[in-house]
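> Provided herewith is a single structure, encoded as structure tokens, for subsequent inquiry.
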Amino acid sequence: VEFSSIPVLIGERINPTGKKRFKQALVENDIEYILKEAVNQADRGADVLDVNVGLPEIDEEKMLCSCVKELQGVVSNPLCIDTSSKDAMEKALRIYNGVPLINSVNGKKETMDAVFPLAKKYGGVIIALTLDENGIPNTAEERLQIAKKILSVAKEYGIDKKNIIFDTLTMAVSADKNAAKTTLDALKLIKEETGCYTVLGVSNVSFGLPCRDFLTSTFFTLAMENGLSAAIMNPYSEKMMSAYHSYKVLHALDENCLSYIDFCQNVEDTKSSVKETAEQKTDANTLLYAIVKGLKEDAGTLCEKLLESKAPLDIVNEDIIPALDKVGKAFEEKRCFLPQLLMSAEAAKEAFEKIKAKLPENSAKKSTVVIATVKGDIHDIGKNIVKLLMQNYGYNVIDLGKDVEPSLILETVLKYNAPYAALSALMTTTVPAMEETINLLNEKAPFCKVLVGGAVLTEDYAKKIGADKYGKDALDSVRYLEDAEKA
Ligand code: THG
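Under the working numbering, the letters of the sequence shown match residues 6 to 492, in that order.
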């Protein structure tokens with residue numbers, strides 16, 4: 006089990022608590038049902054699977070052993086062995102391949118003397134509950150004292166503190182209004198004071214209340230904010246998973262928001278039950294695939310390899326541009342999002358660099374486009390996307406940046422004799438500056454076609470202020486250039 010600042014998700018569904026169907030499966034020795042629960046949880050994003058098959062009317066030792074054995078055959082996720090029976094724990098540890106989570110030990114002397122020798126003998130990372138002979142303390146400070154006691158006993162058994170994860174015990178807020186707060190305070194305190202990892206079975210917090218998901222997912226977020234390393238939770242819950250993915254984005258733990266986007270697309274797919282398989286069918290080792298997926302390094306090396314057997318311009322027309330078209334289309338249809346579009350543009354740029362190196366000076370370049378965000382407007386993300394896409398399609402783009410005076414745009418168009426100028430405005434307040442620039446260009450550089458774009462513009466309005474083209478997005482603008490070049 007690997008811990009990082011991203012919390013580990015431990016699926017809680019292999020557990021009979023409150024579940025008639027699961028109890029029935031246990032009584033009928035229906036292992037298939039349990040295996041299905043494992044596969045489904047792994048599919049939904051659980052990293053580790055908690056395995057709790059304790060039921061008074063069954064032979065827990067036997068059932069736990071069969072489950073541990075069979076589960077390892079169908080999923081590769083580490084298991085968290087959840088039992089209060091020492092004998093069942095020992096048998097399960099004996100047949101487990103690898104390092105399991107041991108759920109659990111606590112501050113009672115008898116329990117520590119039973120569990121620590123097992124952990125020492127078989128290996129495993131131990132979840133330690135902050136309770137002891139006197140029960141569950143009502144204060145964070147007392148739970149810390151139990152944690153310290155557990156650490157000192159573990160040390161006597163030769164168990165390193167990095168193999169102890171503290172559970173500060175989630176209790177139902179419906180029974181005690183301070184329950185959640187005490188748990189969170191204890192979590193933070195124990196993490197700070199001991200430096201150990203932490204875990205909570207978060208679902209318990211909402212016991213006895215309606216719409217349990219609402220409360221549990223918010224508690225989960227608060228716990229992560231207080232340093233939670235792992236959560237025993239329900240991976241089928243959309244609210245829980247959205248809390249997890251949102252947390253990662255908001256804490257810069259999700260590069261380019263990719264795991265968030267992927268999660269949202271799976272949610273959409275499940276809702277509409279439409280499966281997008283076309284993308285998956287694309288051969289993974291092609292330049293097209295590398296650009297579509299935004300794999301910059303791969304795009305560079307695959308392009309270099311392709312250049313050994315294919316003419317540079319053919320690569321542009323048959324691989325790079327179709328890839329950008331594909332991503333552009335996916336973007337329009339809201340199947341891919343801004344971070345992915347930018348990654349694809351970067352990957353295409355990388356491929357383009359390799360192509361450029363092979364081409365005689367200037368021959369790859371199409372016309373010059375002067376691009377700018379108009380005076381008074383400092384939002385340049387839209388302009389930057391359009392610029393990247395135009396460059397990828399081979400245009401010579403002169404970027405004047407943002408908040409650009411009409412006179413400078415005119416000057417630059419005249420200097421390069423540019424047949425195109427592309428103007429961006431995000432805010433309503435800066436549209437007059439756009440109109441002013443268009444008027445100036447139409448008067449002093451009538452040969453120059455003016456493209457405009459930006460969130461507040463519409464086709465009609467663009468016409469009204471005298472633009473030659475309203476680009477509804479980056480791809481639309483590039484298509485205009487491509488058509489104009491052919492004409
Ligand atoms: N800490 C540690 N281990 C634990 C817990 C903990 N193991 C067990 C439990 N708590 C975590 N697992 C669950 C599993 C199910 C539920 C809650 C916690 C649950 N069940 C619903 C119920 O009881 O009403 C029924 C579920 C359903 O049918 O949807 O909520 O805290 N170390």
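Glycine residues also receive a C-beta, built at the ideal position from the N, C-alpha and C atoms.
So, with DSSP's three-state summary, where would you put Y241?
coil
> Counting along the chain, where does the alpha helix (DSSP H) carrying E33 start and finish?
Careful: E33 lies outside any alpha helix (DSSP H) and carries neither H nor E.
> Between which two residues does the alpha helix (DSSP H) containing R484 stretch?
479-491
> Taking the alpha helix (DSSP H) that Y466 falls in, what are its first and last residues?
464-469
> If you check the beta carbons only, do A352 and A426 fall under 8 Å apart?
no
> Classify A289 as helix, strand or coil using the three-state DSSP reduction.
coil
> Measure the alpha-carbon distance for N143 versus T175 and round it to whole angstroms.
12 Å
> Please find out if some non-hydrogen atom of the ligand THG comes closer than 7 Å to the beta-carbon of G23.
yes
> When you compare only the Cα positions, how much space is there between N45 and I376?
50 Å
> How would you call T188, buried or exposed, if buried means at least 16 neighbouring beta carbons within 10 angstroms?
buried
> Is DSSP giving F219 helix, strand or coil here?
Helix, per DSSP.
> Hey, could you find the ends of the beta strand (DSSP E) L429 is sitting in?
Correcting the residue type first, residue 429 is Ser in the shown sequence and not Leu. Per DSSP, S429 belongs to the beta strand (DSSP E) from 425-429.
> Would the beta-carbon of L76 fall within 8 Å of that of A236?
no
> Per DSSP, what kind of secondary structure is D64 in: helix, strand or coil?
coil
> Kindly indicate which three-state DSSP category T22 falls into: helix, strand or coil?
For T22, the secondary structure class from DSSP, reduced to helix, strand or coil, is coil.
> Select from K160, L413, L263, A316 the residue whose C-alpha is nearest the C-alpha of L300.
L263
> Who are F171's beta bridge partners in DSSP?
Per DSSP, the beta-bridge partners of F171 are A133, T203.
> Shortest alpha-carbon distance to D35 belongs to which of P61, V53, E17, L69?
L69
> Comparing C-alpha positions only, which one of G50, R49, E37 sits nearest to V73?
Nearest in C-alpha terms to V73, of all of G50, R49, E37, is E37.
> By alpha-carbon positions, which one of T434, V461, L419, L415 ends up nearest to N444?
L415
> In terms of alpha-carbon separation, which member of K298, L364, K310 lies closest to V332?
K298
> Determine the contact status of I19 and V56, defining contact as a CB-CB distance below 8 Å.
By the CB criterion at 8 Å, I19 and V56 fall inside the cutoff.
> How big is the Cα-Cα spacing for K91 and V120?
7 Å
> Exposed or buried, D382, counting other C-beta atoms within 10 Å across all chains shown (16 or more means buried)?
With 16 or more Cβ atoms within 10 Å of its Cβ, D382 is classed as buried.
> Can you tell me where the alpha helix (DSSP H) with S349 in it begins and where it stops?
343-363
> Whose C-beta lies closer than 6 Å to the C-beta of N111 among residues of the same chain, with five residues either side of it excluded?
The residues are L134, L136.
> Apply the 10 Å Cβ neighbour rule to D64 and answer buried if 16 or more other Cβ atoms are within range, or exposed otherwise.
exposed
> Would you decide whether G103 is buried or exposed? Buried here means 16 or more other CB atoms lie within 10 Å of its CB.
exposed
> Which residues in the same chain as L307 place their Cβ atom closer than 8 Å to its Cβ, once the five residues preceding and following it in sequence are excluded?
N290, T291, L292, A295, A356
> Spell out the partners DSSP gives K334 in its beta bridges.
In the DSSP secondary-structure assignment, K334 is not bridged to any residue.
> Among I107, R484, A185, E62, which residue has its Cα nearest to the Cα of L84?
I107
> Report all residues from its chain with a CB closer than 7 Å to the CB of E284; omit the five preceding and five following residues, and keep chain order.
With a pLDDT of 47 at E284, under the threshold of 50, the predicted position of this residue should be treated as unreliable, and no value is reported.
> For a quick check, are the C-beta atoms of K196 and G163 less than 8 Å apart?
Between K196 and G163, the gap from beta carbon to beta carbon reaches 8 Å or more.
> DSSP three-state call for T373: helix, strand or coil?
strand
> For a quick check, are the C-beta atoms of A467 and V457 less than 8 Å apart?
yes
> Quickly, what does DSSP pair A236 with across the bridge? List them, please.
L14, L205
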